[in-house]
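Engineer: First, the structure itself, so that you have it in front of you.
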Amino acid sequence: MGIEKTDRFKLVGFKNFTLTNLHSDLFPIKRFHHIEFWCGDATNTARRFSWGLGIPIVAKSGNSTHASYLLNFLFTAPYSPTISTTPSSSISIPSFSVSSHRSFTATHGLGVRAIALEVENAHSDFTISVVNGAKPVSEPVILSDQVVIAEVHLYGDVVLGFVSYLKDSNSNRLFVFLPAESGLNSVVLANNDETVLLPLNEPVYGTQRKNQIQMYLEHNEGAGVQHLALVTEDIFRTLREMRRRSGIGGFEFMPSPPPTYYKNLKSRAGDILSDEQIHECEELEILVDRDDQGTLLQIFTKQHAYTIYRNNPENRVHAEKRGRRALSEGWMWRLR
């Protein structure tokens with residue numbers, strides 16, 4: 001007698017979508033560790049990110065550190081306690097090659113080449129991933145007797161990295177839905193703790209207008225990282241500073257919604273936002289979304305090969321208890 005084979009997930013449509021968590025991770029995932037960009041001009045790209053986002057350069061690798069084959073910068077959040085302004089030597093990136101870098105930048109320009117996750121054991125997790133169908137890119141390597149890194153293929157020319165530290169739960173939650181008139185199908189991968197969320201979107205053809213995913217695939221010449229979501233503790237302070245830098249090398253933002261959006265905001269947001277906060281949202285052109293799990297304040301940068309989303313979970317006690325789920329039109333996800 002044969003065993004009937006069933007799909008792990010299926011398209012259900014936006015109205016029938018139900019948030020679920022399969023709790024079936026094959027190994028524990030702690031958090032996002034880093035995002036690696038590849039570009040043709042690391043110096044000016046680093047300066048743009050550092051100035052526009054207020055993220056200082058904490059390490060540098062290049063000719064000055066005897067790594068003439070590439071120029072590599074490391075960024076961190078401005079409140080990191082380990083910031084160092086002096087150049088430090090860098091270990092060679094095991095999976096880096098000049099030819100692959102040239103091919104990547106020639107095809108995609110500036111783009112995300114790697115998404116790295118911090119795990120408990122990069123060596124065993126790499127093996128588990130490959131056994132379960134992942135395509136290996138770089139086998140586990142120990143760097144400076146302190147850290148183990150490994151990489152598998154993610155999508156397009158993007159790799160998924162595993163990072164674990166020597167000194168010192170969760171298969172992906174899968175759910176699929178079709179937001180009304182969005183022109184895309186979306187699958188979201190998340191670990192059980194929901195500290196890592198990876199939305200996978202594909203375009204739906206035959207809609208009234210060309211959707212953003214289809215345009216991205218055309219401009220990027222294939223799959224890749226279309227947007228990043230960043231969390232900030234104080235979106236009002238962050239946006240004032242970022243807008244101050246917009247005209248002098250920083251980032252620009254999408255146009256403001258119509259005035260009626262903010263006139264009706266009180267009825268939608270309820271008592272979550274004060275009148276003063278609503279006024280600040282209108283002044284800074286911040287969008288507000290709310291569902292049964294909380295309130296999300298967000299703003300979108302104008303597209304420039306990459307798109308960055310600034311998110312702000314409310315600092316109120318009841319909002320801190322909310323889960324992480326789709327807001328807006330069903331495809332924008334918050335990362336914490």
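Sequential numbering of the sequence shown, starting at 1, is according to the UniProt record's numbering. We put the CB at the ideal spot given by N, CA and C, even for glycine.
Among ASP271, ARG243, ARG102 and THR232, which one has its Cα closest to the Cα of PHE253?
Structural biologist: Translated into positions along the sequence shown, residue 253 becomes position 253. It is ARG243.
Engineer: Could you pull the DSSP bridge partners for GLY111 from this structure?
Structural biologist: As a first step, residue 111 must be located in the sequence shown, where it is residue number 111. Beta-bridge pairing links GLY111 to TRP38.
Engineer: Could you tell me the alpha carbon to alpha carbon distance between ARG31 and TYR216, rounded to whole angstroms?
Structural biologist: Against the sequence shown, residue 31 aligns to sequence position 31. Against the sequence shown, residue 216 aligns to sequence position 216. Cα-Cα distance, rounded: 27 Å.
Engineer: With a 10 Å radius around its C-beta and 16 neighbouring C-beta atoms as the bar for buried, classify VAL188 as buried or exposed.
Structural biologist: Here residue 188 refers to the residue found at position 188 of the sequence shown. Buried, since its Cβ has 16 or more Cβ neighbours within 10 Å.
Engineer: Going by the beta-carbon positions, is the gap between SER129 and VAL147 smaller than 9 Å?
Structural biologist: Position 129 of the sequence shown, counted from the first residue, corresponds to residue 129. Position 147 of the sequence shown, counted from the first residue, corresponds to residue 147. For SER129 and VAL147, no; Cβs fall outside 9 Å.
Engineer: What three-state label does DSSP hand PHE126 in the structure shown?
Structural biologist: Working through the sequence shown from its first residue, we reach residue 126 at position 126. Looking at PHE126 - three-state DSSP - the assignment turns out to be helix.
Engineer: Could you give the DSSP three-state label for HIS227: helix, strand or coil?
Structural biologist: Taking the first residue of the sequence shown as position 1, residue 227 is located at position 227. Three-state result, HIS227: coil.
Engineer: Do VAL131 and PHE27 have their beta-carbon atoms positioned less than 9 Å apart in this structure?
Structural biologist: On the sequence shown, position 27 is the one that residue 27 refers to. On the sequence shown, position 131 is the one that residue 131 refers to. It is not a contact, given that the beta carbons lie outside the stated cut-off.
Engineer: Can at least three beta-carbon pairs, one atom from the segment 235-250 and one from the segment 45-58, be found at a separation below 8 Å?
Structural biologist: yes
Engineer: Output needed for LEU117: all residues of its chain with C-beta closer than 8 Å, excluding positions within five of it in sequence on either side, in chain order.
Structural biologist: Within the sequence shown, the letter at position 117 stands for residue 117. Excluding positions up to five away in sequence, the list reads ILE29, LYS30, ARG31, PHE32, HIS33, LEU160, GLY161, PHE162, VAL163 and VAL196.
Engineer: In chain order, which alpha helix (DSSP H) runs of at least 4 residues are fully inside the segment 227-262?
Structural biologist: 235-246
Engineer: Taking C-beta to C-beta, are GLU139 and ALA114 nearer than 9 Å?
Structural biologist: What you label residue 139 is simply residue 139 of the sequence shown in a count that begins at 1. What you label residue 114 is simply residue 114 of the sequence shown in a count that begins at 1. Result no, Cβ atoms of GLU139 and ALA114 do not sit closer than 9 Å.
Engineer: Quick check on DSSP: helix, strand or coil for PHE300?
Structural biologist: Position 300 of the sequence shown holds residue 300. Here PHE300 sits in strand by DSSP.
Engineer: What residues in its chain sit with their C-beta under 7 Å from that of PHE236, if we drop five residues either side in the sequence?
Structural biologist: Counted from its first residue, the sequence shown places residue 236 at position 236. Excluding residues within five positions, the ones whose Cβ falls inside 7 Å are GLU280 and LEU284.
Engineer: Determine, using beta carbons only, whether ASN16 and ALA190 come nearer to each other than 9 Å.
Structural biologist: Locating residue 16 in the sequence shown gives position 16, counting from the first residue. Locating residue 190 in the sequence shown gives position 190, counting from the first residue. No, these two residues do not count as a Cβ contact at 9 Å.
Engineer: Quick check: what's the CA-CA separation for THR260 versus ARG290?
Structural biologist: For the purposes of this step, residue 260 is identified with residue 260 of the sequence shown, where counting begins at 1. For the purposes of this step, residue 290 is identified with residue 290 of the sequence shown, where counting begins at 1. Rounded to the nearest angstrom, the two C-alpha atoms are 17 Å apart.
Engineer: Is THR195 helix, strand or coil by DSSP?
Structural biologist: The residue labelled residue 195 in the question sits at position 195 within the sequence shown. THR195: coil per DSSP, three-state reduction.
Engineer: Report all residues from its chain with a CB closer than 7 Å to the CB of SER256; omit the five preceding and five following residues, and keep chain order.
Structural biologist: By 1-based counting over the sequence shown, the position of residue 256 is 256. Hits under 7 Å: GLU285.
Engineer: Please tell me whether VAL112 and GLY222 are closer than 9 Å, where the distance is taken between their beta carbons.
Structural biologist: Counting from 1 along the sequence shown, the entry for residue 112 is found at position 112. Counting from 1 along the sequence shown, the entry for residue 222 is found at position 222. No. Outside cutoff.
Engineer: Would a C-beta distance cut-off of 9 Å place LEU265 and GLU282 closer than the cut-off?
Structural biologist: Residue numbering aside, residue 265 sits at position 265 when the sequence shown is read from its first letter. Residue numbering aside, residue 282 sits at position 282 when the sequence shown is read from its first letter. Taking a C-beta distance under 9 Å as the contact criterion, LEU265 and GLU282 qualify as a contact pair.
Engineer: So what does DSSP say about HIS101, is it helix, strand or coil?
Structural biologist: In the sequence shown, counting from the first residue as 1, residue 101 sits at position 101. HIS101 falls in the helix class under three-state DSSP.
Engineer: Below 9 Å between beta carbons: does that hold for HIS123 and TRP38?
Structural biologist: Walking along the sequence shown from the start, residue 123 turns up at place 123. Walking along the sequence shown from the start, residue 38 turns up at place 38. The answer is no: Cβ separation not under 9 Å.
Engineer: Applying the 10 Å Cβ sphere with the 16-neighbour rule, what's the burial state of THR301?
Structural biologist: Mapped onto the sequence shown, residue 301 falls at position 301. So THR301 counts as buried.
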